[in-house]
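Undergrad:
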Amino acid sequence: MKVYSKRIVLPKTSELDIIDITDRVQMEVKESGVKEGLVNVFVVGTTGATTIMEYEPGLVNDIKRTLESLVPKGADYDHHQKWQDGNGHSHIRSVLLGPSIVVPVTSSTLYLGAWQKIVYIELDNRPRERALKISVLGE
Amino acid sequence: MKVYSKRIVLPKTSELDIIDITDRVQMEVKESGVKEGLVNVFVVGTTGATTIMEYEPGLVNDIKRTLESLVPKGADYDHHQKWQDGNGHSHIRSVLLGPSIVVPVTSSTLYLGAWQKIVYIELDNRPRERALKISVLGE
Amino acid sequence: MKVYSKRIVLPKTSELDIIDITDRVQMEVKESGVKEGLVNVFVVGTTGATTIMEYEPGLVNDIKRTLESLVPKGADYDHHQKWQDGNGHSHIRSVLLGPSIVVPVTSSTLYLGAWQKIVYIELDNRPRERALKISVLGE
Numbered sequence: 001m002k003v004y005s006k007r008i009v010l011p012k013t014s015e016l017d018i019i020d021i022t023d024r025v026q027m028e029v030k031e032s033g034v035k036e037g038l039v040n041v042f043v044v045g046t047t048g049a050t051t052i053m054e055y056e057p058g059l060v061n062d063i064k065r066t067l068e069s070l071v072p073k074g075a076d077y078d079h080h081q082k083w084q085d086g087n088g089h090s091h092i093r094s095v096l097l098g099p100s101i102v103v104p105v106t107s108s109t110l111y112l113g114a115w116q117k118i119v120y121i122e123l124d125n126r127p128r129e130r131a132l133k134i135s136v137l138g139e
Numbered sequence: 140m141k142v143y144s145k146r147i148v149l150p151k152t153s154e155l156d157i158i159d160i161t162d163r164v165q166m167e168v169k170e171s172g173v174k175e176g177l178v179n180v181f182v183v184g185t186t187g188a189t190t191i192m193e194y195e196p197g198l199v200n201d202i203k204r205t206l207e208s209l210v211p212k213g214a215d216y217d218h219h220q221k222w223q224d225g226n227g228h229s230h231i232r233s234v235l236l237g238p239s240i241v242v243p244v245t246s247s248t249l250y251l252g253a254w255q256k257i258v259y260i261e262l263d264n265r266p267r268e269r270a271l272k273i274s275v276l277g278e
Numbered sequence: 279m280k281v282y283s284k285r286i287v288l289p290k291t292s293e294l295d296i297i298d299i300t301d302r303v304q305m306e307v308k309e310s311g312v313k314e315g316l317v318n319v320f321v322v323g324t325t326g327a328t329t330i331m332e333y334e335p336g337l338v339n340d341i342k343r344t345l346e347s348l349v350p351k352g353a354d355y356d357h358h359q360k361w362q363d364g365n366g367h368s369h370i371r372s373v374l375l376g377p378s379i380v381v382p383v384t385s386s387t388l389y390l391g392a393w394q395k396i397v398y399i400e401l402d403n404r405p406r407e408r409a410l411k412i413s414v415l416g417e
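Residue numbers (the numbering used here), protein chains in the order written: chain A, 1 to 139; chain B, 140 to 278; chain C, 279 to 417.
1. Check whether chain B comes within 9 Å of C/Val397, counting only Cβ atoms and requiring the distance to be less than that.
2. Leaving out five residues on either side along the sequence, give the residues of the same chain with a beta carbon under 6 Å from the beta carbon of B/Lys212.
3. So, helix, strand or coil for C/Ser385, using DSSP?
4. Along the chain, which unbroken stretches of the beta strand (DSSP E) at least 3 residues long are found entirely within the segment 300-380 of chain C?
5. Which chain B residues sit within Cβ distance under 8 Å of C/Tyr355?
6. Taking 9 Å as the CB-CB cut-off, is B/Glu167 touching chain C?
7. When the Cα of C/Tyr333 is compared with those of C/Ile412, C/Leu390 and C/Leu401, which residue comes out closest?
8. Would you give the residue range spanned by the beta strand (DSSP E) that B/Ser144 belongs to?
9. Roughly how many angstroms lie between the CA atoms of B/Asp159 and B/Leu271, to the nearest whole one?
10. What does C/Gln359 reach in chain B if we use C-beta pairs closer than 8 Å?
11. Output the boundary residues of the beta strand (DSSP E) element that contains C/Gly391.
12. List the residues of chain B whose Cβ lies closer than 7 Å to the Cβ of C/Ile370, in chain order.
13. Flag this pair as touching only if the segment 40-59 of chain A and the segment 105-121 of chain A have three or more C-beta atom pairs under 8 Å; answer yes or no.
14. May I have the straight-line CA-CA distance separating A/Thr22 from C/Leu345, to the nearest angstrom?
15. State whether the segment 357-364 of chain C contacts the segment 375-389 of chain C, with contact taken as three or more CB pairs (one from each stretch) at a distance under 8 Å.
16. Apart from the five residues on each side of it in sequence, which residues of its chain come closer than 8 Å, Cβ to Cβ, to A/Gly58?
17. Buried or exposed: which applies to A/Asp62, given that a residue is buried once 16 or more other Cβ atoms fall within 10 Å of its Cβ?
18. Is it the case that the Cβ atoms of B/Ser233 and A/Met53 are separated by a distance below 9 Å?
19. Could you pull out every residue in the same chain whose Cβ sits closer than 6 Å to the Cβ of A/Gln116, ignoring the five residues on either side in sequence?
20. Report the rounded CA-to-CA distance for B/Lys203 versus B/Asp156, giving the unit in angstroms.
21. Quick check on B/Val148: buried or exposed, where buried means 16 or more other Cβ atoms within 10 Å of its Cβ?
22. Is A/Gly37 close to chain B? Criterion is C-beta to C-beta, closer than 9 Å.
23. Does DSSP classify B/Glu278 as helix, strand or coil?
24. Is the shortest distance between the beta-carbon of C/Pro234 and the beta-carbons of chain A less than 9 Å?
25. For A/Val71, I'd like the list of residues in its chain whose CB is within less than 8 Å of its CB, leaving aside the five on either flank, ordered along the chain.
26. By DSSP, does C/Lys290 sit in helix, in strand, or in coil?
27. Does the beta carbon of C/Ile419 sit closer than 9 Å to a beta carbon anywhere in chain A?
28. Mind listing the chain A neighbours of B/Thr185? Cutoff is C-beta to C-beta under 8 Å, in chain order.
29. Looking only at its chain, what residues have a beta carbon closer than 8 Å to the beta carbon of A/Leu5, apart from the 5 residues adjacent to it on each side?
30. Out of A/Glu36, A/Asp85 and A/Lys35, which one is the CA nearest neighbour of A/Pro127?
31. Three-state secondary structure (DSSP) at C/Arg404?
32. Since C/Asp298 sits in a beta bridge, which residues does DSSP pair it with?
33. Assuming B/Gly237 and B/Lys174 form a contact by the criterion Cβ under 8 Å, report the distance between their Cβ atoms to the nearest whole angstrom.
34. Looking only at its own chain, which residues have a Cβ that is under 8 Å from the Cβ of C/Lys308, when we skip the five neighbours before and after it?
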């Protein structure tokens with residue numbers, strides 16, 4: 001049984017960047033030596049999210065618009081009184097989407113459908129170098 | 140320590156079918172031989188979701204109406220320009236609900252509350268034979 | 279390889295209480311003896327959720343208002359015909375937020391960002407003694 005983990009840092013991101021990290025996660029799965037098991041991708045920070053989606057520009061736009069519709073950026077959030085950084089919407093969107101995703105690993109490979117990509121969604125309103133923790137468990 | 144996984148295929152589903160898969164997941168937990176650990180249920184595809192809910196017809200209706208209210212089917216999504224299959228809403232709903240759920244296993248049994256059922260939610264607008272990957276880790 | 283799990287019960291909660299359980303989860307991680315791995319926190323029940331957020335009163339208010347905006351409490355849900363307990367909104371909010379969160383463990387410590395706290399969100403409209411299952415896997 002193996003446990004492997006790696007902290008990775010993404011190139012500086014901007015608000016609502018949606019970044020395909022599938023190849024990077026696959027690289028860490030190979031590096032782990034785990035053939036069968038699970039991988040977890042976890043955002044270190046309260047204003048980002050990980051999820052799985054078809055990665056094409058139209059859908060990327062649709063996700064952005066949906067987030068704006070459900071949790072508008074311009075609204076007056078109480079969180080703004082704490083830090084005056086105007087990113088209340090970022091935190092709430094992160095809670096809705098979630099910071100952590102679990103994906104099966106089979107034959108040292110992410111077990112994904114043809115169109116499934118693992119993505120990081122930047123939700124903060126300031127550019128950031130974002131850290132992710134990739135953990136692989138299995139044998 | 141054991142790692143077990145199984146791909147299962149559901150009978151053909153229609154849009155917004157919500158299917159109780161608890162017994163099937165429990166069957167795979169037994170088959171795995173894992174007494175204590177975790178099970179992950181993962182949808183292979185970008186237009187479905189797994190979650191946990193009380194499984195009764197009224198709540199099933201309520202979930203369907205909420206999805207329609209938050210991410211309307213009739214809207215004009217950019218994703219439609221990619222494949223012309225009109226399922227932009229399906230992809231976005233899948234991102235909101237998530238394709239992956241983790242449940243504890245104790246004494247070879249899913250550790251669920253009295254009313255908790257593991258469900259698959261079909262979000263695509265075309266009938267599909269949907270694959271799920273069930274992974275069990277533990278000892 | 280170790281597998282550890284513990285059922286904990288929270289002091290009686292009220293609707294939309296958001297409770298920081300980070301220290302308690304950390305305590306169980308220490309108790310487990312796992313140095314490197316993953317921890318899962320799972321709500322035993324269909325009207326609660328776990329997630330990760332910055333824990334400050336303004337954001338707590340914002341989350342409450344967002345839930346009320348997306349899934350209003352006063353609406354007429356079909357679920358109310360089943361039990362007459364008026365908590366249809368609680369169930370739907372639980373499906374949106376999810377009952378289960380996975381967090382990395384490194385050097386016997388939760389691998390969290392500076393502001394990340396693991397929280398339990400009570401979504402039911404009646405006071406409850408809520409059970410959570412904390413599972414730790416790793417070595």
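Note that the Cβ used here is the ideal one computed from N, Cα and C, for glycine as well.
TA: Considering the structure as presented:
1. no
2. His228
3. coil
4. 315-322 and 326-331
5. Gly197, Leu198 and Asp201
6. no
7. C/Leu390
8. Lys141 to Val148
9. 13 Å
10. Gly197
11. Segment: none, C/Gly391 is in no beta strand (DSSP E) and carries neither H nor E.
12. Asp201, Ile202 and Thr205
13. yes
14. 31 Å
15. no
16. none
17. buried
18. yes
19. Ile52
20. 9 Å
21. exposed
22. yes
23. coil
24. Residue numbering for chain C in the displayed model covers 279 to 417; residue 234 of chain C lies beyond these limits and cannot be assessed.
25. His89, Ile92, Arg93 and Leu96
26. coil
27. Lying outside 279 to 417, the shown extent of chain C, residue 419 of chain C is not represented and no answer is given.
28. Ile52, Met53, Glu54, Gly113, Trp115 and Gln116
29. Correcting the residue type first, residue 5 of chain A is Ser in the shown sequence and not Leu. Contacts found: Lys133, Ile134, Ser135 and Val136.
30. A/Asp85
31. coil
32. C/Val397
33. Contact flag wrong, Cβ pair sits at about 27 Å.
34. Ser386
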